[in-house]
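Here is the structure we will look at.
Residue numbers (the numbering used here): 518 to 764.
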């Protein structure tokens with residue numbers, strides 16, 4: 518069984534040069550016993566061995582594993598059906614929502630338990646936002662605080678006005694490295710505003726600090742799980758030699 522990982526993110530290489538391209542991994546991966554939201558119904562991630570090289574009856578030394586997890590534990594996409602009755606499931610979402618140019622907004626001036634507002638997004642965008650662009654919102658919170666016992670109690674969070682701004686600007690997707698909702702808000706206004714507008718939410722990103730420019734090529738398609746409201750993602754950004762187009 519894999520060992521638990523409760524410390525800072527960093528299991529994957531941060532970036533890799535491939536010819537003229539630079540590939541940056543933005544994924545917080547799943548691991549056995551990783552931190553999970555602290556409620557009784559929220560399941561822990563388990564990675565169980567079904568067969569080991571020693572127990573393979575064929576003698577070929579094969580390994581088989583079973584993954585038991587809530588898709589909301591690590592980097593994942595929330596589809597509209599997470600909050601919208603009859604809304605699109607992950608398997609209904611168009612792949613091009615998750616592949617294409619993304620605008621990176623630096624919000625690192627926001628500290629613990631501070632709201633990220635529409636004014637913050639407008640200022641960080643600097644006039645570069647266009648309808649159809651994907652948004653990557655950076656505070657470095659996951660990188661700095663993942664594994665803290667009070668991780669879910671102290672983050673920066675999106676204010677409802679920020680969600681309204683994303684909808685009004687025509688964002689194709691909103692990704693972030695901090696929490697979507699204000700801790701303790703059980704009305705979930707940000708999820709509702711974004712998902713009712715058919716804007717998927719890409720949560721628990723990491724390593725946005727490694728991005729060098731304000732525009733990157735994002736590849737963050739979720740696993741296709743029929744009927745599911747969320748699914749795991751391997752989120753990658755590509756810089757250099759990629760035509761961004763008009764978004």
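From the three backbone atoms N, C-alpha and C, an ideal C-beta is built for every residue, glycine too.
In the structure shown, residue 741 adopts coil according to DSSP, grouped into three states. The continuous stretches of beta strand (DSSP E) do not include residue 709, which lies in the alpha helix (DSSP H) extending over residues 706-713. Taking every protein chain shown into account, the CB of residue 626 has fewer than 16 other CB atoms within 10 angstroms, so this residue is exposed. Looking from the CA of residue 613, the closest CA among 688, 630, 670 and 536 belongs to 688.
Here residue 677 has 706, 707 and 710 as same chain residues with Cβ atoms under 8 Å from its own Cβ, once five neighbours each way along the sequence are excluded. By the C-beta criterion, the stretch 733-740 is judged not to be in contact with the stretch 564-577, since fewer than 3 inter-stretch pairs fall below 8 Å.
The criterion of a C-beta distance shorter than 7 Å is satisfied by residue 619 and residue 733. The continuous alpha helix (DSSP H) containing residue 677 extends over residues 677-686. Of all C-beta pairs linking the stretch 648-665 to the stretch 543-558, three or more are shorter than 8 Å, placing the two stretches in contact. Counting along the chain, the unbroken beta strand (DSSP E) around residue 720 starts and ends at 718-720. Residue state for residue 598 is assigned as helix, using DSSP reduced to three classes. In its chain, beyond the 5 residues on either side, 581, 582 and 583 have a beta carbon closer than 8 Å to the beta carbon of residue 567. Around residue 695, the same chain offers 656, 658, 672 and 673 as residues with beta carbons nearer than 6 Å, after the five sequence neighbours per side are excluded.
Excluding the 5 residues flanking it on each side, residue 634 has same chain C-beta neighbours closer than 8 Å at 676, 678 and 679, in chain order. Here residue 682 is buried, its C-beta having at least 16 other C-beta atoms within 10 Å.
In this structure, DSSP gives residue 535 an extended state, which the three-state scheme calls strand. When beta bridges are read from the DSSP output, residue 583 appears opposite 565.
Note: residue 625 is not bridge-paired with any residue in the DSSP secondary-structure output.
Distance from the CA atom of residue 544 to the CA atom of residue 715, rounded to whole angstroms, is 23 Å. Boundaries of the alpha helix (DSSP H) harbouring residue 638: 635-642, taken from the DSSP string.
Between the beta-carbon of residue 606 and that of residue 701 there is about 28 Å, and that puts the pair past the 8 Å contact cut. Within its own chain, the residues whose Cβ lies closer than 6 Å to the Cβ of residue 741, once the five positions on either side in sequence are excluded, are 608, listed in chain order. Under the DSSP assignment, residue 750 falls outside any beta strand (DSSP E); it carries neither an H nor an E label.
By the CB criterion at 7 Å, residue 753 and residue 692 fall outside the cutoff.
At the C-beta level, residue 601 and residue 698 stay beyond 7 Å of one another.
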